[in-house]
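60 is the number that the numbering used here gives to position 51 of the sequence shown; each next residue is one higher, with no gaps. The C-beta atom is built at its ideal place from N, Cα and C for all residues, glycine as well. In this text the structure is predicted, and so the values were computed from the model without any measurement.
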Amino acid sequence: MGLILRIADHLLSSPDMPWHRMVFALDSLGFDTAGDTLEQMMGTGTDEQVCELALAFGLDLPPGAATSTSATTTTTRVAAAQPLFIFGSHLSKHKAFVGEVGQELAAFGINLFVAHDTITHDTAWEDEIRKALDRADAGLVFVHDGLKDSPWCDQEIGWLQGRHVPVMALRFDATPYGFFARYQAQPVPWDTDARTIAQMTVDRIAARPELASAFAASLVASMKVVNTFDATRARWRHLRGLDNLDAKLCSQLLEAAKTNNQIYWATSPWDGESGETINRLIIAFLRRQPGGATIAPDLDAYEKYLDALDTQGKGLYTLHDNPPPGTVTGVAR
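See below:
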């Protein structure tokens, strides 16, 4: 009971965890979400499920707490510092549209495996699909009319479910079925474009604690190459709420903050005073990360560099003429 109350207090006090994300996270971990309160929903789970939920949100367990060591627990963990690799299951007649969604997800550093676009003609395509299914951190199923009758899609979904990785459904003109029906499907209006679907999918990924490490790696990778202020803000919106960056990701994000002017000239509408630049926010963000201590000297040097520019009244527009420590005219050494 005490652990359930602690989890509820933690979630309800988090500004980055709206109600629909809480419900989605609970549903994904097998809780009955028909209750009116978080406490009622969590009360439907086993002791092991409650403990796994606590661990997923970074809460300490009480002494002697029961945790599961089953395949469900161990196989849903994704490798740290590796960008997300998602298997896209779809009917072949929709391959062009699915490919467009994949391109939009790639802008967030997320790799959507689209069989018809990914596999070369001279490759044993069945073997490549098997490898992708074994490698995938999650699945994204495009539920169109006829999916149920496709033996390939049916087996792909079953394969992913058997590995106990998250399976996200996009409901177009059909509904999930069988074991697949237990997953909450995202309704997709017929005129929804690929970019909107990608944004919806990124929001769903952000609500999955078990994907947080790989999601962080994807976002950091995408921050290196963002080419507009809006793109920077779209990624920072998700990145700012994470607390799991290792030393490698911390170093990569600091490098991006130093060298990409679409980061160090962009401002955030969610943090601090209006007009505060995201590169300043990244310094504070990295200090809070598990890997932040490893790069603390680099963070100190960069912060002193920015302070000196501000003191001199030069501001960030002199960065190319006066590159920060560790860079040469905006390019990392």
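{"Check": "Between which two residues does the beta strand (DSSP E) holding residue 120 run?", "Outcome": "120 to 123"}
{"Check": "What does the alpha-carbon distance come out to for the pair residue 256 and residue 296?", "Outcome": "11 angstroms"}
{"Check": "Name, in chain order, the residues that DSSP records as bridge partners for residue 148.", "Outcome": "96 and 176"}
{"Check": "To the nearest angstrom, report how far apart residue 183 and residue 162 are at their CA atoms.", "Outcome": "14 angstroms"}
{"Check": "With a threshold of 16 other CB atoms inside 10 Å of the CB of residue 91, please say whether the residue is buried or exposed.", "Outcome": "exposed"}
{"Check": "I need the DSSP call for residue 193, collapsed to helix, strand or coil.", "Outcome": "coil"}
{"Check": "Roughly how many whole angstroms lie between the Cα atoms of residue 168 and residue 307?", "Outcome": "44 angstroms"}
{"Check": "Pick out the complete alpha helix (DSSP H) segments inside the region 236 to 323, 4 residues or longer, and give them in chain order.", "Outcome": "238 to 248, 256 to 268, 270 to 273, 287 to 296 and 305 to 321"}
{"Check": "Spatial neighbours of residue 110 within its chain, please: C-beta separation below 7 angstroms, excluding the five flanking residues on both sides.", "Outcome": "121, 203, 206 and 207"}
{"Check": "Please return the same chain residues whose Cβ sits closer than 8 angstroms to the Cβ of residue 16, not counting the five positions on each side in sequence.", "Outcome": "47, 51, 59, 62, 63, 66 and 68"}
{"Check": "Output needed for residue 86: all residues of its chain with C-beta closer than 6 angstroms, excluding positions within five of it in sequence on either side, in chain order.", "Outcome": "At residue 86, the pLDDT of 38 sits below 50, so the modelled position is not reliable; the number obtained from the coordinates is stated separately. So no residue of the chain qualifies."}
{"Check": "Assuming residue 212 is part of the alpha helix (DSSP H), what are its boundary residues?", "Outcome": "203 to 215"}
{"Check": "How big is the Cα-Cα spacing for residue 214 and residue 147?", "Outcome": "9 angstroms"}
{"Check": "Count the other CB atoms, across all protein chains shown, that sit within 10 Å of the CB of residue 83; report buried if there are 16 or more and exposed otherwise.", "Outcome": "The pLDDT assigned to residue 83 is 33, lower than 50, so where the model puts this residue is not dependable; a value taken from the coordinates is nonetheless given after this. Exposed, since its Cβ has fewer than 16 Cβ neighbours within 10 Å."}
{"Check": "Taking 7 angstroms as the line, does the beta carbon of residue 297 fall inside it for any heavy atom of the ligand MN?", "Outcome": "Among the components of this structure there are no ligands whatsoever, and the ligand MN is therefore not found."}
{"Check": "Taking the alpha-carbon of residue 250 as reference, which of 222, 276, 239 and 268 has the nearest alpha-carbon?", "Outcome": "222"}
{"Check": "Compute the Euclidean distance between the alpha carbons of residue 225 and residue 211, then round it to the nearest angstrom.", "Outcome": "12 angstroms"}
{"Check": "What would DSSP say about residue 153, mapped onto helix, strand or coil?", "Outcome": "coil"}
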